[in-house]
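K.L.:
Below, the structure written as structure tokens:
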């Protein structure tokens, strides 16, 4: 059954005139009449009758009218939904840990927006456990977290942030550029504890010392630890991303400690296995294009092959 024929029927009833309906539909009066005749043949009944100059519905026409109106309303709603979908930008919700939110996302998000200009991006910062829960509940689309394993998610190594000892620019260690773990016993230490298993390796190194280090400040945020070092309140083991700008300016200096070489914070990208995301691959490509990230990160061939 042709929708245009049903539309002509509804309009004729609404305006009470074949001529008026033809005008509104931008058709000729004979074309409207032909549509009604076709519809009447399909239904096997007459829909209108004339009473003088009036156009009235037949009994069959009155029965058919609410269904015809409903058909047009459903089609109109469908058109509106399509138009709304075209006009409304897609939204991608990204969950990430504090470190990623502070140091990685500001570098990647503007470039991601350039590649997907019609997409709006929403950022949620939380802990790894909370972000995993949000992903499972589909409250986020992609997550940047510490390494996790779960049968329902795809976990890929995304970035490794090397941990080094950082001191202020006129600290005695700067002259040699290196120190031993034993020499830290004589220094006030600002210990940044992020809750990652990677930090346990530093704790184990400390356990080899005859005397424990002097932990003057124990903090849970890298920015706090960094600012304390800049104020010369002590020295600290910190992830490279958190001090990148200060190192470039010469305000902080990395010191080589053989005993902690190779320790890094691992960031993984997680998505639901049931919802493969093209954004995940794009993020990996953007990370690889960035000079600083590329010099620090591991091989991402796995990411391209699994996402």
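In the numbering used here, the protein residues as written are 22 to 328. Every residue gets a Cβ at the ideal spot worked out from N, C-alpha and C, and that includes glycine. Since we're looking at a predicted model, the values are computed, not measured.
If I'm right that residue 184 touches residue 284 with Cβ under 8 Å, what's the distance once you round it to whole angstroms?
P.N.:
Right, their Cβ atoms sit about 5 Å apart.
K.L.:
Please go through the stretch 125-189 and give each complete beta strand (DSSP E) segment of 3 or more residues, from N-terminal end onward.
P.N.:
Fully enclosed beta strand (DSSP E) runs of 3 or longer: 140-146, 163-167 and 174-189.
K.L.:
Would you mind working out which of 59, 243 and 195 sits nearest residue 271, comparing C-alpha positions?
P.N.:
Per the Cα distances, 195.
K.L.:
With a threshold of 7 Å on Cβ separation, who are the neighbours of residue 149 within its own chain once the five nearest residues in sequence on each side are excluded?
P.N.:
Excluding residues within five positions, the ones whose Cβ falls inside 7 Å are 118, 166, 167 and 169.
K.L.:
Return the Cβ separation of residue 211 and residue 255 in integer angstroms, given the expectation that the two are a contact with Cβ distance under 8 Å.
P.N.:
With a Cβ gap of about 4 Å, residue 211 and residue 255 count as contacting.
K.L.:
Residues in its own chain within less than 7 Å of residue 86 by CB, not counting five upstream and five downstream?
P.N.:
Once the five neighbours on either side are set aside, the close Cβ partners of residue 86 are 34 and 78.
K.L.:
Rounded to a whole number of angstroms, what is the C-alpha to C-alpha distance between residue 83 and residue 134?
P.N.:
Computed Cα separation, rounded: 55 Å.
K.L.:
For a test of the three-state rule: what should DSSP assign to residue 116, helix, strand or coil?
P.N.:
DSSP places residue 116 in strand when its eight states are reduced to three.
K.L.:
Buried or exposed for residue 288, please, with buried defined as at least 16 other CB atoms from any protein chain shown within 10 angstroms of its CB.
P.N.:
With 16 or more Cβ atoms within 10 Å of its Cβ, residue 288 is classed as buried.
K.L.:
Can you grab the Cα-Cα spacing for the pair residue 303 / residue 89, in whole Å?
P.N.:
Approximately 48 Å, taken between the alpha carbons.
K.L.:
Put residue 49 into one of helix, strand or coil per three-state DSSP.
P.N.:
The answer is coil: DSSP assigns residue 49 none of H, G, I, E or B.
K.L.:
Under 9 Å between the Cβ atoms of residue 189 and residue 250?
P.N.:
Yes. Within cutoff.
K.L.:
Between the C-alpha atoms of residue 157 and residue 113, what's the straight-line distance to the nearest angstrom?
P.N.:
Cα to Cα, the separation comes out at about 15 Å.
K.L.:
Report the rounded CA-to-CA distance for residue 240 versus residue 259, giving the unit in angstroms.
P.N.:
Cα to Cα, the separation comes out at about 12 Å.
K.L.:
Going by C-alpha to C-alpha distance, which of 56, 57, 32 and 160 sits closest to residue 115?
P.N.:
The shortest C-alpha separation from residue 115 is found at 160.
K.L.:
Assign residue 207 to one of two classes, buried (16 or more other C-beta atoms within 10 Å of its C-beta) or exposed (fewer than that).
P.N.:
Under this definition residue 207 is an exposed residue.
K.L.:
If I'm right that residue 145 touches residue 292 with Cβ under 8 Å, what's the distance once you round it to whole angstroms?
P.N.:
Contact doesn't hold; Cβ gap of about 15 Å is too wide.
K.L.:
By the 10 Å Cβ neighbour count, where 16 or more other Cβ atoms means buried, how is residue 70 classified, buried or exposed?
P.N.:
Looking at its Cβ environment, which holds fewer than 16 other Cβ atoms inside 10 Å, residue 70 is exposed.
K.L.:
Can you name the residues that DSSP bridges to residue 240?
P.N.:
213.
K.L.:
Per DSSP, what kind of secondary structure is residue 208 in: helix, strand or coil?
P.N.:
Coil, per DSSP.
K.L.:
Once you ignore the five residues that flank residue 222 on each side, which residues in its own chain have a CB closer than 7 Å to its CB?
P.N.:
Same-chain partners within the cutoff: 284.
K.L.:
Going by C-alpha distance, which of 25, 277 and 44 is nearest residue 97?
P.N.:
The option with the nearest alpha carbon to residue 97 is 25.
K.L.:
Taking the runs of the beta strand (DSSP E) that are 3 residues or longer, which of them lie wholly in the stretch 217-294?
P.N.:
Here the runs fully enclosed are 235-240, 256-260, 273-276 and 285-293.
K.L.:
In chain order, what residues of the same chain have a beta carbon less than 6 Å from the beta carbon of residue 36, not counting five sequence neighbours either side?
P.N.:
So the list reads 42, once near-sequence residues are dropped.
K.L.:
Classify residue 230: buried if its beta carbon has 16 or more other beta carbons within 10 angstroms, exposed otherwise.
P.N.:
Label assigned to residue 230: exposed.
K.L.:
Among 244, 30, 257 and 294, which one has its Cα closest to the Cα of residue 172?
P.N.:
When only C-alpha atoms are compared, the closest one is 294.
K.L.:
Does the distance from the C-beta atom of residue 340 to that of residue 186 stay below 9 Å?
P.N.:
For residue 340 there is no data in the structure shown, the boundaries of the chain being 22 and 328.
K.L.:
Between which two residues does the beta strand (DSSP E) holding residue 69 run?
P.N.:
Note, residue 69: beta strand (DSSP E), 69-72.
K.L.:
Let's test the definition: count the other Cβ atoms within 10 Å of the Cβ of residue 243 and tell me whether it reaches 16, buried, or not, exposed.
P.N.:
Counting Cβ neighbours within 10 Å, residue 243 comes out buried, since at least 16 surround it.
K.L.:
Helix, strand or coil for residue 35? Go by DSSP, reduced to three states.
P.N.:
Note: residue 35 maps to helix in three-state DSSP.
K.L.:
Quick one, which of 147, 136 and 121 has its alpha-carbon nearest residue 180's?
P.N.:
Among 147, 136 and 121, the Cα nearest to that of residue 180 is on 121.
K.L.:
Leaving out the 5 sequence neighbours to the left and right, which residues in its chain are closer than 7 Å to residue 232 when beta-carbon positions are compared?
P.N.:
Closer than 7 Å at the Cβ level, and outside the excluded window around residue 232, lie 206.
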